[in-house]
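Visitor: Residue numbers (the working numbering): 98 to 284. First, the structure itself, so that you have it in front of you.
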Amino acid sequence: MEGGNGGRKGERLNGLPELFDIVDAADRVVGQKTRACVHRDGLRHRAVHALLFNARGEIFLQKRSLAKDLNPGVWDSSCSGHLHAGETYEQAARRELGEELGLTHPISLRPVCKLDAQRETGNEFVWVYLGESDGPFRLDPEEISEGRFLGIPDLEREIRVGPDLFSPVFVHLWSRLRHQFLLRAAR
């Protein structure tokens with residue numbers, strides 16, 4: 098994912114610069130600009146994060162490739178990415194599951210919250226989706242250097258001890274959703 102996170106993906110799409118919808122404060126499309134312009138000018142745009150859990154209730158985290166231009170080598174959501182111009186949030190979440198994790202079979206995704214565009218999200222409106230999958234995953238090495246399932250108590254401890262080991266957007270969204278997952282893990 099780019100927003101707040103940055104990446105190589107989307108620098109060119111089918112030989113053309115990737116276009117993002119730019120949006121107003123109410124998340125209404127007001128135009129389109131290239132990825133480079135959106136990030137250079139700090140324009141509001143859209144992104145998704147998907148959090149996948151296995152049958153044991155562990156969350157799958159990806160470690161961002163060292164080739165990423167922002168936040169390389171840190172842990173992040175199961176998958177994340179920008180919306181292409183004209184794409185819906187759910188379409189983007191499903192596309193990212195395929196591109197980053199190789200998940201081409203349909204899985205149930207549930208939207209759980211929308212984060213407002215702000216500094217902590219890289220000026221992106223972000224819809225967060227939940228899904229369940231035990232894999233197997235086929236990680237895109239240009240996007241992800243490794244992945245792992247982690248129990249919620251272990252994730253809580255790792256974020257508390259080393260928040261800089263995680264993308265800022267992931268830490269922000271986790272702080273918004275953590276109570277929901279702590280309750281789930283306690284069951």
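Glycine included, each C-beta is placed from N, C-alpha and C at the ideal position. Treat the numbers as computed from the prediction; the structure is a model and nothing was measured.
1) Ordered along the chain, which non-local residues of its own chain (more than five positions away) have a Cβ less than 7 Å from that of Pro208?
2) Look up Gly128 in the DSSP assignment and say whether it is helix, strand or coil.
3) Is Phe222 closer than 8 Å to Leu206 when the C-beta atoms are compared?
4) Can you tell which of Phe117, Phe263 and Gln277 has its C-alpha closest to the C-alpha of Gln159?
5) Of the residues Asp166, Leu148 and Gly183, which one's Cα is nearest the Cα of His136?
6) Considering only residues of the same chain and omitting the five flanking positions on each side of Gly104, which have a CB-CB separation below 6 Å?
7) For Ala189, which of Gly195, Leu180 and Glu196 has the nearest alpha-carbon?
8) Exposed or buried, Lys106, counting other C-beta atoms within 10 Å across all chains shown (16 or more means buried)?
9) Which residues in the same chain as Asp231 place their Cβ atom closer than 7 Å to its Cβ, once the five residues preceding and following it in sequence are excluded?
10) In its own chain, which residues sit with a C-beta less than 8 Å from the C-beta of Ala283, not counting the 5 before and 5 after it?
Guide: Quick answer:
1) Walking along the sequence shown from the start, residue 208 turns up at place 111. Closer than 7 Å at the Cβ level, and outside the excluded window around Pro208, lie Trp224 and Tyr226.
2) Walking along the sequence shown from the start, residue 128 turns up at place 31. Correct three-state label for Gly128: strand.
3) To locate residue 206, count along the sequence shown from 1; it is residue 109. To locate residue 222, count along the sequence shown from 1; it is residue 125. No, Cβ-Cβ distance for Leu206 and Phe222 is not below 8 Å.
4) To locate residue 159, count along the sequence shown from 1; it is residue 62. The residue with the shortest Cα to Cα distance from Gln159 is Phe263.
5) Position 39 of the sequence shown, counted from the first residue, corresponds to residue 136. Checked all of Asp166, Leu148 and Gly183; the closest Cα to His136 is Asp166.
6) On the sequence shown, position 7 is the one that residue 104 refers to. Caution is warranted here: a pLDDT of 46 is assigned to Gly104, below 50, making its placement in the model unreliable, and the coordinate value is therefore given only provisionally. So the qualifying residues of the chain are Lys165.
7) To locate residue 189, count along the sequence shown from 1; it is residue 92. Checked all of Gly195, Leu180 and Glu196; the closest Cα to Ala189 is Leu180.
8) Residue numbering aside, residue 106 sits at position 9 when the sequence shown is read from its first letter. At Lys106, the pLDDT of 48 sits below 50, so the modelled position is not reliable; the number obtained from the coordinates is stated separately. With 16 or more other Cβ atoms within 10 Å, it is buried.
9) Translated into positions along the sequence shown, residue 231 becomes position 134. Excluding sequence neighbours, Asp231 sits near Asn151 and Ala152.
10) For this step, residue 283 is matched to residue 186 along the sequence shown. Any reading at Ala283 needs caution, since the residue's pLDDT is 45, under 50, leaving its predicted position unreliable; the model's value is listed next. Correct list: empty, nothing qualifies.
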